[in-house]
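Residue numbers (this note's numbering), protein chains in the order written: chain A, 71 to 266; chain B, 71 to 266. Cβ atoms here follow ideal geometry from the backbone N, Cα and C, with glycine treated the same way. It should be emphasised that the depicted structure is a prediction, and the values quoted were computed from it without experimental measurement. To start, the structure itself, in structure tokens.
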């Protein structure tokens, strides 16, 4: 029997967690990025397909490669962030299914079905992007997700000649509290949910 | 300064968390569903747009309405689950932006841009579906997500005459340990990630 997590954990994951534009100078070690993946990878995906691919943009050279794709409002903060994660997905994800879902011929459900491939890659890659953000918060990191950038430019710079396509970006680091905006409201339960 | 959550919390959220097909008879109270929403709603979405809409299918009448849309392999377990969540999104989400993102005219970024509306609703509604699953685990609940169903039938049965579209389903309850499969492998770090 599982129990609810204690309130400080709920606060760190959801209640007090915020989107950060600015981060402290504390670097994010490569070992932290592998620990992050080793948490998020366990999140559920359809047929365990795990279509997400992640590029951790950390070096000055890689940031320079990313820069032309960023929208004006996201440029400065992204160049300064300790790490920017490119959340992407591999449209050839189904080639891994004989390994990832060995008890069925799941590869055959996808091969040649372009609409199902696109939807499955986007939906499940996005789920994995959310798992990354919550795993990051669970590890004491802070996130700044963004969709304001040129996907085609990111794909050309980072995924040329592959079947990998960018989805969204997440700045990652240890958040600087002074740059956090006042929190915007959320929809009340009755506006977003119903129980039938 | 935030710290990593203690290992039992990481286990409950990711390391030991599993997808469940079967659940105990313990019901999921309506108060638990509102507590669930009051956690997940704080997860980040683009321009705080919060496009997800959730139907908590709980009554026998609502389960009967859902049944014809379920794929054969998902039918029996879904009818037996204490709650099935329809994760959906409202394509008119941008009408809420004057309230949800009051400091900019964010509504005008979307109105009339059908491709951006579709992508934003699907991406961010999916993120919110992932937040729901991790919030559920944080509250001691277990999940069984599924995309094997007929979206058009769900939309006709639950969202006729609206701008709301179904995305995926999540069975929700307190997991029965005896129905859990052996865990499938995940991609190693180097197959899914790179650090640049």
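Scanning chain B for C-beta atoms nearer than 9 Å to the C-beta of residue 255/A yields 118, 169, 170 and 172, reported in chain order. Within the same chain, Cβ atoms closer than 8 Å to the Cβ of residue 232/A are found at 160, the five residues on either side in sequence being excluded. The DSSP-derived three-state label of residue 237/A is strand. Our two residues, residue 86/B and residue 80/B, have alpha carbons roughly 8 Å apart in a direct line. Listed along chain B, the residues sitting closer than 9 Å to residue 127/A by beta-carbon distance are 265 and 266. Unbroken beta strand (DSSP E) runs of no fewer than 3 residues, entirely contained in the region 105-193 of chain A, are found at 122-127 and 153-160, following chain order. Between the region 187-195 of chain A and the region 185-198 of chain B, the count of Cβ pairs shorter than 8 Å is three or higher; the stretches touch. Minimum Cα-Cα distance from residue 115/A among the listed residues 245/B, 216/B, 221/B and 97/B corresponds to 216/B. Residue 92/A is outside the set of residues whose beta carbon lies under 8 Å from a beta carbon in chain B. Within 10 angstroms of the beta-carbon of residue 97/B lie fewer than 16 other beta-carbons, which makes it exposed. Residue environment analysis places residue 141/B among the exposed positions, since fewer than 16 neighbouring C-beta atoms fall within 10 angstroms of its C-beta. Residue 177/B and residue 166/B have their C-alpha atoms some 8 Å from each other. Under the Cβ criterion (8 Å, minimum of three pairs), the region 117-129 of chain B counts as touching the region 255-263 of chain A.
By the CB criterion at 8 Å, residue 102/B and residue 209/B fall inside the cutoff. Taking C-alpha positions only, residue 83/B is separated from residue 207/B by approximately 6 Å. Straight-line spacing of the CA atoms in residue 89/B and residue 201/B works out to 15 Å. Around the C-beta of residue 151/B, 16 or more other C-beta atoms lie within 10 Å, and the residue is accordingly described as buried. With respect to chain A, the C-beta atom of residue 107/B has a partner C-beta closer than 8 Å.
For residue 159/B, not one C-beta of chain A is nearer than 8 Å to its own C-beta.
The three-state reading of DSSP puts residue 95/A in coil, since its state is none of H, G, I, E or B. Counting of Cβ neighbours within 10 angstroms places residue 164/B among the buried residues, the total reaching 16 or more.
Residue burial is scored here from C-beta neighbours: residue 222/B has fewer than 16 other C-beta atoms within 10 angstroms and is therefore classed as exposed.
One thing to note: residue 257/B has its Cβ within 8 Å of the Cβ of residue 111/A. Residue 245/B and residue 113/A have their C-alpha atoms some 16 Å from each other.
Residue 205/B places its beta carbon less than 8 Å from that of residue 109/B.
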